[in-house]
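Below, the structure is given as structure tokens:
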């Protein structure tokens, strides 16, 4: 049983990673026998891994097609980003008192590298560096449960970004400018409320840029306004 579970976990981890990294894009057929041969396991652990991925929303089953990587839902992306605006604001403000001068230097270096990636039109590097930027901050957050939730949400977004980001490429440079503002606030020891507000707005600006570019009506986002 332990051996079987290990095989299932391995199959799950490999397939999930390939979905997140875009190796298996939306609509890609997951052929159980083929995957089993590739991974050197029987069909059973692969089938169980795919069922688990289906339960988590990574995979869907289509009539006459079988298991496929789930399509990207732009509305789900918007909703996830709106929730992340709140969670990331909370995590960053909680991390702020624990940020070191070394962390600040690393954040500046990462942000500079993001700008260089934009200049080189390397959107994959930009996306990877963006994640590294934010998680350099989150690792200082004392609330591990909050960090775990953010990690799961970012994993899901990493898949979606590959489809969404091409719609709002100009957002990248503005995002780096907002990163610089966040760095300056952290370096200055700004009040937690100000840091939380700026980080929320950082995420919300991406959502609003997408809505404008996609032609969707701009919703009034209340997160980050008032005393909430």
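Residue numbers (this note's numbering): 626 to 853. Yeah, the Cβ is synthetic: ideal placement off N, Cα and C, and Gly gets one too. Quick caveat: nothing in here was measured; it's all calculated off a predicted structure.
Does the distance from the CB of residue i to the CB of residue j come in under 8 Å?
i           : j           : result
residue 824 : residue 703 : no
residue 678 : residue 724 : no
residue 817 : residue 718 : yes
residue 709 : residue 828 : yes
residue 826 : residue 799 : no
residue 765 : residue 815 : no
residue 803 : residue 810 : no
Below 7 Å CB to CB, which residues in the same chain sit around residue i once its five sequence neighbours on both sides are set aside?
i           : result
residue 599 : The question about residue 599 has no answer, for the chain in this structure spans 626 to 853.
residue 797 : 743 and 751
residue 643 : 649
Spatial neighbours of residue i within its chain, please: CB distance less than 6 Å, with the 5 preceding and 5 following residues excluded, ordered by chain position.
i           : result
residue 783 : 645
residue 837 : none
residue 657 : 668, 671 and 672
residue 714 : 821, 824 and 825
When you compare only the Cα positions, how much space is there between residue i and residue j?
i           : j           : result
residue 726 : residue 812 : 7 Å
residue 637 : residue 700 : 26 Å
residue 745 : residue 763 : 28 Å
residue 728 : residue 801 : 17 Å
residue 847 : residue 732 : Bear in mind that the predicted position of residue 847 carries a pLDDT of just 33, short of 50, making it too unreliable to give a figure here.
residue 722 : residue 666 : 48 Å
residue 676 : residue 684 : 8 Å
residue 686 : residue 698 : 16 Å
residue 843 : residue 707 : Residue confidence is low: residue 843 scores 42 on pLDDT, short of 50, so the model does not pin down where it sits. Its coordinate-derived value is still stated next. Distance between the alpha carbons of residue 843 and residue 707: 13 Å.
residue 749 : residue 680 : 28 Å
residue 769 : residue 690 : 40 Å
Please return the same chain residues whose Cβ sits closer than 8 Å to the Cβ of residue i, not counting the five positions on each side in sequence.
i           : result
residue 712 : 771, 774, 775 and 778
Point to revise | Contact the stretch 731-740 vs the stretch 757-775: 3+ CB pairs below 8 Å | key: With the rule of 3 Cβ pairs closer than 8 Å, the stretch 731-740 counts as touching the stretch 757-775.
Review point. If we count Cβ pairs, one from each stretch, closer than 8 Å, do we get three or more for the stretch 646-661 versus the stretch 692-712?
Key: With the cut-off at 8 Å, the stretch 646-661 and the stretch 692-712 touch.
Check your understanding: Which parts of the stretch 653-679 are runs of the alpha helix (DSSP H), unbroken and 4 residues or longer, counting only runs that do not cross its ends?
Key -> Fully enclosed alpha helix (DSSP H) runs of 4 or longer: 657-664.
Review point. Considering only residues of the stretch 757-789, which uninterrupted alpha helix (DSSP H) runs meet the minimum length of 4 residues and lie entirely inside it, listed in chain order?
Key: When DSSP assignments are scanned along the stretch 757-789, the uninterrupted stretches of alpha helix (DSSP H) that are 4 or more residues long and fall wholly within it turn out to be 769-789.
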